[in-house]
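Chains as they are written, first to last, in my numbering: chain Y, 993 to 1393; chain X, 407 to 583; chain U, 11 to 311; chain H, 364 to 687.
Ideal placement from N, C-alpha and C gives every residue a C-beta, glycine not left out.
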Amino acid sequence: MAIRFLKQDQLPAFLGQLAEKARVVAPVKTDGVVQFQPWVSGQDVELDVLLAKQSPKEYVFLQTETYLKFGYEMVKPEAAGGDTAAEEADPVSVDDAAVEVAIPYETVTVEPQNEAPAQVIFGLRPCDARGFVQMDQVFGGYGGFYYDPLYNARREATTLLAVTCREPRSTCFCTAIGGGPAGEEGVDALFTQVDGGFVVEALTEKGEAALAAAGAALTDATDAQIAAAGEVKTAAGAKIDVPFALEGIRDNLHDNIADDRWHDQAMRCISCGTCTYVCPSCYCFSINDELVESTGERYRVWDNCFNPLYTEETSGHNPRAQKSNRFRNRFSHKFWYYPDKYDSLLCSGCGRCIMNCPTRIDIREIVRVMGAPAPAVAAGAASEAPAATGDAPAVAEGKEA
Amino acid sequence: MADQTTTQANDAAVVAGDTAAAGTIDAASGAGAAVAADGAAGDRPVKIVGIVCNWCSYAGADTAGTGRFKQPPNLRLIRVPCTGRVDPLFALKAFEKGADGVLISGCHPGDCHYSEGNYYARRKFELLERMIHHLGIPKERFRWTWVSASEGQRWQQVVTEFVAGVEKLGPREGRAL
Amino acid sequence: MADNGKRVYTPADLVVGASTARAGKLGGNPYLPEVATVIDIIEETPTIKTFRMKFDDPEVQKNFTFLPGQVGQFGIFGVGESTFAISSKPSEKEFIQFSVMKAGEVTKALHNLSVGDKVGIRAPMGNGFPVEAWKGKHILYVLGGIGSAALKATMEYTLEHRADYAGITILYGATHPTNFTYWYDVQEWQERSDIELVLTIDRDCDGWQCDVGLVPTVLERMAPKPENTIAITCGPPIMIKFALISFEKLGFTPEQTYTTLEKRMKCGIGICGRCNVGPKYVCVDGPVFSLAELKELPDEL
Amino acid sequence: MSRQDHIREFAAQALADGRVDYFIGWKQGYNSSEVVPAFVKDPADVDQLIWTPLCHHNLVTFIKRNMPDPADAKIGLCVKGCDSRTLVALLQEELVDKEKLYVVGVPCDGIVDRRKLEKEFADELVDIAFPERGRVVVTTGKGETREFAQDDVLLDVCGRCRYPNALYADDVAGPLEAEPDREESGPDWSDIADFENLSDDEKQAALERVYATCIRCFACVHVCPVCVCWDKCVNRSREPELVAQKVGAKENLLFQMIHMFHVAGRCTSCGACDRACPVEIPLYLLHRKMNKEIYDMFGFEPGTKLDEKPVFQLFDLATDHFGD
């Protein structure tokens, strides 16, 4: 597929043309906060501030999604061959059998809901796109699990137009997870900012279709522009730290499951759900019902494993009652449980959880410490759990060696 | 689904910690249900939720009824053991579910069946009253007062006045709370 | 890991929930419950009721099959769903049955159901007991209280196919004689000579003829031989815990000891992420686990 | 000796004496522009503790119900003046055990609002330095450096601070800061005047707009040092379900209103909720408004006097005339 070029000043026109065919979602700054929002003509797309507060997952995996509507109705059957009006007027005269037949009974009508309008998400980053790929495994029935029609309907109707991260943040660690600032996994078309505009590469048919739909704003990229884009990608990749090596993390997490250091790591966690709600790949949810009078709905809504009530059973027993249990679950899920089931990692290295955590808990540090072999039980020092920060680099080095 | 209501009523009673009230009240969940009972929006009659204590105001409303004092039909009553059990959230929940006004009433100070429930309650109600229009709900849509068991006439007067005030503002449409 | 022996579902040929008919009808949506009507309610104990339901769609009812030990999401539209073990006989074609202890929001609402009311069912789910693989072995059931519901279908199955199994022993405990679920069946079992049945209550009371003592204690007193035996236990968590210890004491290996777990569940299809014990989801990888499998998992039971 | 040195010394001493199981202070986060709560168990590790105008976390959060690990731990912690008010609020209601606490008061001359600084740059902040009192030097990822006057970039709460010194402490880290004359002037509520002057409709519209972005992560609730129901929170209860888990204008507003009313008389407007909110909702506005009303009603400032009870847990026949 030909590599194209989008002039910086043609971006609104490009999005405008897309908006004629589908809903366009893009990062927009409101009150100083950058979030993905349905784009309307005239709005500035914010590409300078790296990473919107939340990943755009909420446009495919809705935070609240009503998937069932139902209504109860009492049906009063008409007595076979009988005169209903007469019966009502003089119930006493009706014999027992007829009365029994005429008892109203309850019916329920159930109506599944699944809307999936076509949409284009522009301005997401390669790590956000990878988040979708990771969720695809879960909702797509990988490895013999169930296929989720709600997620997939939206996912199929969504085109991801990602933008290369020219200036990665210090919290980015996508390369450690196997991605990169110009990663192509899950991306339908990749936009790389160079002088004067974007070099645009369609990577899938979906991406090609989107570019074709808004082709008027695009020109063919020159060799110089393509070369410049290549340089931007290489330079960006070089800027990203690799805070840990992946080898052995799964096994070490497994071995460290009962390790006391989980308590130390979880100390400053306040057990809110911020990290999971800003994460591009956290997908846990809850299902609730709502009934007003005789009609209601069943909806699924984001939930998170830090919620103390998440696993609480009716009896009051809670398998993950302690904050440290819940804390351990999130990281183990990303680097152990999920890989066991889906053969990849449930993290794309965007670093949003680090940036937005109220106490800035650093997933890189957790993985470095808990994903490394437990330190040999030094004589007498077994009960003294080492302070995390002091130990972390040493452990990481030991591992790479 | 008639059983549904009973379940919720029990729940509320459990929260209230007052088993005597089990099956009789349906505190906050009831506030929603009471509202929903009315018909479609538009030029509809206003819906008022009244949260009344079992001992004074509920009995006062009863007295008004027995005395055949004419009252506006817009009010749905929710009986609670004592105004001390009323959490500001009950009123807010009623507004959330679409009430056009909320009226809270209990025993006169000094007359509380549990001797001091309403002393605590009135501090909370005062705060709620002061805050409510800062939450975007006009002051006229919320009122709290005292009506004793014998004050049927006063009940009639309170309800009539309050409903008239809310009617002046009309149904509350297109509002989150 | 696609070749791990699990069924692979695709949107085109989806086989989920009650039947293919259902999947086809509802567009292969595993979240959609099948509407069913309550046809019978049995009051088992003061807090436990058994509900028998018929699917409204006769096609679904006809095609409904499940493995002993599998579970289902059973609930009321407008209240919610909860997971329960299917307690009907696997050979039962006329209805599906769940036994429910009154405890929380959903179960309270379920207890208010009357015959004729509409409910929603998503079933079967989970793995079930490997009853086929156990043929020729002696089966030892150790159950307490509501735990009988989880093992009911399995007991029924093995009793129905009694000839296939070397022997069947049932140790059933309850706090009080009135707290035995399926008392009508227990009485029937007492009559049968091909079952060894031991009943026990926690504390003695007037007119009680059988054993007295906590289930693990009675189990150790019975001292069953581990040879060619499969031990299955279900009951309150504390009972399971001590029963498992007793099995070990009696020489049962972790591989021949089974239990069925219960967890708070929402989706029931291995997605929502709340019923996991480490990397295993109780709703799809369980609820049946051998003690050997459990030992591999973190202590999050 | 700097305040930081005092903190380290107190912490080392308390740990060495076995007076506490662990000591909570502040340390540098993933880079020198971030400060995070630090939990020190070993006297040898006290050198990671710091004190800078970035130490905004209210550490009282970590001693509220269900937070200490193990549950019966003896804990040492640092409190600023504002933090100490939340501690006093907890002590007033006996929600924490005084005997298990060792409190180091840290006199404070204002905390820098990192978010205000963030908004000045498109790039991330990698270093914030304080070469001397009153100067803030910010460096970004691309190496851009700019200097700010500390007073210009303080947290909004700090601009109106009336309690720079801890109201309850076992030890104090260095000399006290100058206290304003609290008798002379009551609290300054000027920051909420704009909001108060809106019409009811405008207020509703404003609230709907700011709360629309709420993602219900419960960070505000969990970080709030005086919000202690935790797993029994009415906002999360399913039985009865009072607030739907659903995210929507109605549900978000109701949730926030309930949170506000449930900390009435205990909320000290410390602003922890505000700073924890990942989508930067100005939560503290309404809480301030509520505190103003409480002050008007009772002349009560939550968490200022150890021997007081919160106003909603008592009544006074002599002075209460509400509804008469």
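{"Check": "Taking a Cβ distance cut-off of 8 Å, strictly less, list which residues of the segment 102 to 116 of chain U are near chain H, in chain order.", "Outcome": "Gly114, Glu115"}
{"Check": "Going by DSSP, what residues sit across from Ile543/X in a beta bridge?", "Outcome": "Paired residues: none, contrary to the question."}
{"Check": "Nearest CA to the CA of Gly1308/Y: which residue from Asp594/H, Lys652/H, Phe661/H, Glu656/H?", "Outcome": "Asp594/H"}
{"Check": "Compare the Cα-Cα distances from Ala556/H to each of Phe678/H, Pro406/H, Asp687/H, Leu649/H and report the closest residue.", "Outcome": "Leu649/H"}
{"Check": "Against Arg601/H, what residues of chain U qualify as contacts under a CB-to-CB distance less than 9 Å, listed in chain order?", "Outcome": "Gly90, Gly114, Glu115"}
{"Check": "Does Pro1083/Y have its Cβ less than 7 Å from a Cβ in chain U?", "Outcome": "With a pLDDT of only 47 at Pro1083/Y, under 50, the local geometry of the prediction cannot be trusted, and the value read off the model is given with reservation. Output row for Pro1083/Y: interface = no."}
{"Check": "Using only the alpha-carbon positions, how far apart do Met135/U and Val294/U sit?", "Outcome": "7 Å"}
{"Check": "Judging by CA-CA distance, which residue of Ile538/X, Tyr464/X, His514/X is the nearest neighbour of Pro487/X?", "Outcome": "Tyr464/X"}
{"Check": "Could you give the residue range of the alpha helix (DSSP H) that holds Ala302/U?", "Outcome": "301 to 305"}
{"Check": "State the start and end residues of the unbroken beta strand (DSSP E) segment that holds His148/U.", "Outcome": "148 to 154"}
{"Check": "How would you list, in chain order, the residues of chain H whose beta-carbon sits under 9 Å from the beta-carbon of Gly1024/Y?", "Outcome": "Arg478, Glu481, Lys482, Glu643"}
{"Check": "Can you check whether the C-beta of Arg482/X is within less than 7 Å of a C-beta belonging to chain H?", "Outcome": "no"}
{"Check": "Buried or exposed: where does Thr411/X fall if 16 or more other Cβ atoms within 10 Å of its Cβ makes it buried?", "Outcome": "Since pLDDT at Thr411/X reaches only 37, below the 50 mark, its modelled position is unreliable, and the value read off the structure follows with that caveat. By the neighbour-count rule (16 or more Cβ atoms within 10 Å), Thr411/X is not buried but exposed."}
{"Check": "What runs of the beta strand (DSSP E), each 3 residues or longer, lie entirely inside the segment 606 to 686 of chain H?", "Outcome": "none"}
{"Check": "Rank Asp468/X, Lys503/X, Val458/X by C-alpha distance to the C-alpha of Ile484/X and give the top, closest one.", "Outcome": "Val458/X"}
{"Check": "Contact criterion: CB-CB distance below 7 Å. Does Thr682/H meet it with respect to chain X?", "Outcome": "no"}
{"Check": "When DSSP labels each residue in this structure, what does Tyr1334/Y get in the three-state scheme?", "Outcome": "helix"}
{"Check": "Restricting to Cα atoms, I'd like to know which of Leu422/H, Gly504/H, Leu605/H, Ile438/H is closest to Pro1350/Y.", "Outcome": "Leu422/H"}
{"Check": "Find the residues of chain H that neighbour Phe540/X, judging by a C-beta separation of less than 8 Å, and give them in chain order.", "Outcome": "Strictly speaking, residue 540/X in this sequence is His, with Phe absent from that position. What His540/X touches in chain H: Phe558, Glu559, Lys566, Leu649, Lys652."}
{"Check": "Just to confirm my understanding: we take Arg1292/Y, look at its own chain, exclude 5 residues before and 5 after, and list those with CB closer than 6 Å. What are they?", "Outcome": "Glu1057, Phe1277, Ile1279"}
{"Check": "Closer than 8 Å by beta-carbon distance: list the chain U residues that pair up with Ala1250/Y, in chain order.", "Outcome": "Pro308, Asp309"}
{"Check": "For His684/H, count the other beta carbons within 10 Å of its own beta carbon; 16 or more makes it buried, fewer makes it exposed. Which is it?", "Outcome": "exposed"}
{"Check": "In this structure, does DSSP put Met1259/Y in helix, strand or coil?", "Outcome": "coil"}
{"Check": "Give me the Cβ distance between Ile149/U and Gly183/U, rounded to the nearest whole Å; I'm assuming they're in contact under 8 Å.", "Outcome": "Actually they do not touch by this definition, with Cβ atoms about 17 Å apart."}
{"Check": "Shorter than 7 Å from the beta carbon of Ala33/U to some beta carbon of chain Y?", "Outcome": "Note that Ala33/U scores a pLDDT of 38, beneath 50, so its modelled location is shaky; the value from the coordinates is reported in the next line. Not an interface residue."}
{"Check": "What runs of the alpha helix (DSSP H), each 4 residues or longer, lie entirely inside the segment 216 to 261 of chain U?", "Outcome": "225 to 232, 247 to 259"}
{"Check": "Are the beta-carbon atoms of Thr93/U and Ala160/U separated by less than 7 Å?", "Outcome": "no"}
{"Check": "At which residues does the beta strand (DSSP E) containing Lys64/U begin and terminate?", "Outcome": "58 to 65"}
{"Check": "Quick one: grab the DSSP three-state call for Tyr175/U.", "Outcome": "coil"}
{"Check": "Please name the residue in Arg599/H, Asp368/H, Gly381/H whose C-alpha comes closest to that of Ala436/H.", "Outcome": "Gly381/H"}
{"Check": "Can you list, in chain order, the residues of its chain with a C-beta nearer than 8 Å to that of Glu1137/Y? Leave out the 5 residues immediately preceding and following it.", "Outcome": "One detail in the question is off: residue 1137/Y reads as Phe in this sequence, not Glu. Around Phe1137/Y: Val1130, Lys1333."}
{"Check": "Under 7 Å between C-beta atoms, does Ile1358/Y make it to chain U?", "Outcome": "no"}
{"Check": "Looking at Leu458/H: is its Cβ nearer than 7 Å to the Cβ of Val591/H?", "Outcome": "yes"}
{"Check": "To the nearest angstrom, how far is it from the Cα of Arg496/H to the Cα of Ala512/H?", "Outcome": "9 Å"}
{"Check": "Bridge partners of Ala401/H, per DSSP?", "Outcome": "Gly388/H"}
{"Check": "If you scan the segment 1184 to 1252 of chain Y from start to end, which runs of the alpha helix (DSSP H) of 4 or more residues do you find wholly inside it?", "Outcome": "1197 to 1205, 1215 to 1230, 1241 to 1247"}
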